[in-house]
Structures are given as structure tokens and as C-alpha cells.
Amino acid sequence: MPELPEVETIARGVDQRVRGDLIRDVWFGSKREPFKNSPARQAKGLEGRTILGVERIGKHIVMHLSALSQPSSEGLRREARPPHAVAAGLPHAVAAVPGQWIVHLGMTGRLLVTTPDAPVAPHTHARLTLSSGRELRFVDPRRFGRLEFRDLAKTKAFAAPGAEPLQIGPEAFAALFRGRKLAIKAALLNQSLLSGVGNIYADESLFRAGIRPRRQAGRLTHEEWERLRLALREVLQSAIRLGGSSVSDYVDANGVRGFFQLEHRVYQRFAEPCLVCKTPIKRIVLAGRSTHYCPHCQH
DNA sequence: CATTTCACCTGGTGGC
DNA sequence: TGCCACCAGGTGAAAT
4 MPELPEVETI ARGVDQRVRG DLIRDVWFGS KREPFKNSPA RQAKGLEGRT
54 ILGVERIGKH IVMHLSALSQ PSSEGLRREA RPPHAVAAGL PHAVAAVPGQ
104 WIVHLGMTGR LLVTTPDAPV APHTHARLTL SSGRELRFVD PRRFGRLEFR
154 DLAKTKAFAA PGAEPLQIGP EAFAALFRGR KLAIKAALLN QSLLSGVGNI
204 YADESLFRAG IRPRRQAGRL THEEWERLRL ALREVLQSAI RLGGSSVSDY
254 VDANGVRGFF QLEHRVYQRF AEPCLVCKTP IKRIVLAGRS THYCPHCQH
């Protein structure tokens, strides 16, 4: 389900509503699927900690947690610092033994802030009771999502391996692809090169850059790489502004759908006329994924 | 090592 | 209404 814009929207929404809150109690609904480390370990890492902030890294949602038994910090709640500031430097009051809860939504995962009495959806795998009276829930029918707790005192800081598409500059972007033989779309989807791009935004950015998805990544011209970098940035930023794409059931932390699906120009528009030239949109399978492009506008 | 394919899951849709 | 094939925003292990 969620790619960079959807994950960003959810992370911002969750951050807004739970930053500074204290996790009173944690409930996990199943023992196996979504847990990279055991539910017991995760509960131990979460309970009694204060949520310092929530941010997106690649397609991961990273919740920064205070050391155990730290009092809920009013200062932090008021400050409303941008999420990346939390990662950049934790305040010394809580820097001793912080931890991180890392949520990956897979295809169908949702992270929702609700009231405790809201009906519990099927496939709810985690419920965090917060001292403010809110509840944070993780719901994931297909169970491709993953939950993990990390203790920074014992492991190195979490970082997605790939570059952030919204930050990367022209030279670094070109360097990702130079010399590679795989299709440019497959390269865009490779999270160890770029982190955050998925099937929708790969197709949409290639259309906007006028590049066919099957082209060899290493054989694009420098100008094409740059067009692609800018198209990708533009498409991701627009999608974030519109709250992401709701293709079937995606909703943000407040249960609200996104609107970027209305801006899709090729994704899931097979056989429909290209919005630029009226040529029917093609659909192929590439890297095992449904792939859409305009045979006239993309070269 | 680079690249491709497939399994992992559930649920929705459309054809018969 | 039922059954079946096919499709879906992702990823990592296994195969090539």
C-alpha cells in the first residue's frame, strides 16, 4: 500500500497526535507475523516510555522513545520541532537510553490514532494505550508489515540504506544508476538505491520524465537522469501535499483518505487515453510488478 | 556481485 | 450464491 508520500502523511499525522504522550500499556494480538523481535521484547521497550517524536525514514515509520521512567516532557510537546530534528539530536534529558519503535506498513498496514472505545478492526495486531486517553493501533490484513523495537544503547542507529529521493542532488542521483544494466523502473524500486519509491510513484515519475520503464538504468543520458530526479521529486511532493494516493483502502493516521490518485496519469490507467496525446496507456509486467506507460510520450 | 523470480498473506473483483 | 483465477501500494530469500 504505502509509498513515501503515504508513509510521510501517516508519520506526520501520528507525530502530531501522540508526540509527548506516555505509553501506558501495550497489547499485541498475535505472536508471530509482524514481529521482527518478540512481542514481549517490544512491549518491554514501549511500556512506560514517552514518545519523543515520529518521523519517516524511507518507507519506515520511526517512533523515538524516551528512556524508561522519564517524566513526560511538557517542553517537548510544546516545542513542535520538525521530526528530523528529533533524529538529528535528542535532548540531553532523555539521551541516556532511548529506543525506537520501527513500523513498516508492507502492502496493507495502517497506523491509526483512535479512542480506546473505537471498534477494533479485524487484523489489528497492536494497540498502544496512551496516557492522554488516545490509542495507537496497527492493523494489517496481509501481514506483510513489520514491527520492531530497537535499543540505541545496544545497536547502531536505524537508517534506511537507500538515498532519500527528496534530498538527493543531481550527481549522486546519476551515480545511483551509472553502469547498471537493470531496467530504470526496477532501479527506482530498489530500496537500497533510493528508499521510498514504490510502484505508483515509479510509474508516475517515469511518465512525467518521458522515459520508458524498460530502459536500461545505466544507459539514460545525464539529462534524462536529471529530468527523472526532478519529476520524482515533484510527484512525491505533490502527493504529500494531497495526503497520498488512496487506491483501495489507504487512510492516514486519522482515517482520512488521500487525493493524489486523482492525479495519476498512467498508474492503473491501462487502455485509457493518455492525458497528453490520447494514445492508449500500455500495461506490462516488469520486475514482477504491473507497469503502466504511454508508448507515445515515453521514449 | 548484480539481477530476476518467487513466496509470503488476505481480500476484492469479475467471469462463468 | 458459489467457485475460481487474477490482481493488489512491499520486501527479502533463493535462484540464475
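Counted the way the working numbering counts, the first sequence spans residues 4 to 302.
Ideal Cβ placement from N, Cα and C applies to all residues, glycine included.
Quick caveat, the model's predicted, so the values are computed rather than measured.
Residue of the options minimising C-alpha distance to residue i
i: Cys300; options: Pro216, Asp154 and Arg59; result: Pro216
i: Gly23; options: Phe176, Pro164, Met66 and Glu151; result: Met66
i: Ala186; options: Glu174, Leu223 and Ala163; result: Leu223
i: Ile13; options: Ile284, Ala46 and His63; result: His63
i: Phe262; options: Glu275, Ile243 and Asp18; result: Ile243
i: Glu6; options: Arg272, Gly112, Glu226 and Pro37; result: Gly112
i: Glu151; options: Val21, His107 and Ser69; result: His107
i: Arg140; options: Ala256, Lys39, Leu278 and Ala43; result: Ala256
i: Phe161; options: Glu174, Pro173 and Ile105; result: Ile105
i: Ala190; options: Gly258, Arg218 and Lys285; result: Arg218
i: Pro168; options: Ile54, Ala70, Pro283 and Arg59; result: Arg59
i: Phe180; options: Leu133, Leu155 and Glu229; result: Glu229
i: Gln271; options: Leu115, Glu207, Ala46 and Gln194; result: Glu207
i: Leu245; options: Glu227, His267 and Glu226; result: His267
i: Ser134; options: Glu50, Arg286, Ala178 and Pro276; result: Glu50
i: Asn193; options: Lys34, Gly16, Lys39 and Ala290; result: Ala290
i: Lys47; options: Pro122, Lys34, Ala121 and Asp154; result: Asp154
i: Arg211; options: Ser195, Leu71, Pro122 and Leu278; result: Leu278
Nonlocal neighbours in the same chain, by C-beta distance under 6 Å from residue i, ignoring five residues either side
i: Asn202; result: Arg292
i: Trp30; result: Arg130
i: Ala166; result: Leu197
i: Val142; result: Arg113, Ala124, His126 and Thr127
i: Ala313; result: With the chain represented from 4 up to 302, any question about residue 313 goes unanswered, as that position is not in the structure.
i: Lys39; result: Arg149 and Glu151
Supposed close pair residue i, residue j - CB separation, criterion 8 Å
i: Thr127; j: Gly32; result: 6 Å
i: Arg260; j: Val269; result: Not quite, the Cβ-Cβ distance comes to about 21 Å (not below 8 Å), so this is no contact.
i: Leu209; j: Pro8; result: At roughly 16 Å, the Cβ-Cβ gap does not stay under 8 Å, so Leu209 and Pro8 are not in contact.
i: Arg44; j: Ile26; result: In fact, because the Cβ distance is near 15 Å, the residues do not count as touching under 8 Å.
i: Pro298; j: Arg146; result: That belief does not hold up - the Cβ atoms of Pro298 and Arg146 are roughly 37 Å apart, past 8 Å.
i: Val200; j: Leu231; result: In fact, because the Cβ distance is near 11 Å, the residues do not count as touching under 8 Å.
i: Pro101; j: Ser69; result: 6 Å
i: His295; j: Phe273; result: 6 Å
Chain-order list of residues whose beta-carbon lies under 8 Å from that of residue i (same chain, five-residue window excluded)
i: Gly370; result: Given that the chain is displayed from residue 4 to residue 302, the structure contains no residue 370 and the question cannot be resolved.
i: Arg84; result: Confidence in Arg84 is poor, its pLDDT being 40 and thus under 50, which makes the residue's placement too unreliable to answer from.
i: Thr282; result: Pro276, Cys297, Pro298, His299 and Cys300
i: Arg359; result: With the chain covering 4 to 302 only, the question about residue 359 has no answer from this structure.
i: His225; result: Ala177
i: Val17; result: Val57, Ile64, Met66, Leu114, Val116, Leu139 and Ala256
Start and end residues, alpha helix (DSSP H) containing residue i
i: Val65; result: Run containing Val65: none in the alpha helix (DSSP H); it sits in the beta strand (DSSP E), His63 to Leu68.
i: Thr118; result: Where Thr118 is concerned, there is no enclosing alpha helix (DSSP H), given that its DSSP letter is neither H nor E.
i: Gly102; result: No alpha helix (DSSP H) holds Gly102; the beta strand (DSSP E) holding it covers Gly102 to His107.
Start and end residues, beta strand (DSSP E) containing residue i
i: Phe294; result: Phe is not the amino acid found at residue 294; the sequence shown has Thr there. Taken as a continuous stretch (DSSP letters only), the beta strand (DSSP E) holding Thr294 covers Arg292 to Tyr296.
Same chain, Cβ closer than 7 Å to residue i, neighbours up to 5 away in sequence not counted
i: Ala175; result: Ala166
i: Leu265; result: none
i: Val10; result: Arg59, Lys62, Ile64 and Leu108
i: Thr132; result: Arg27, Asp28, Pro119 and Glu138
i: Arg183; result: Ala190, Ala220 and Gly221
Residue i Cβ short of 6 Å to the ligand NAP heavy atom set
i: Leu185; result: Because no ligand of any kind appears in the structure shown, any question about the ligand NAP cannot be addressed here.
May I have a chain-ordered list of the beta strand (DSSP E) segments no shorter than 3 residues that lie completely inside the segment 131-165? If we require 3 residues or more, the beta strand (DSSP E) runs fully inside the segment 131-165 come out as 138-142 and 149-154.
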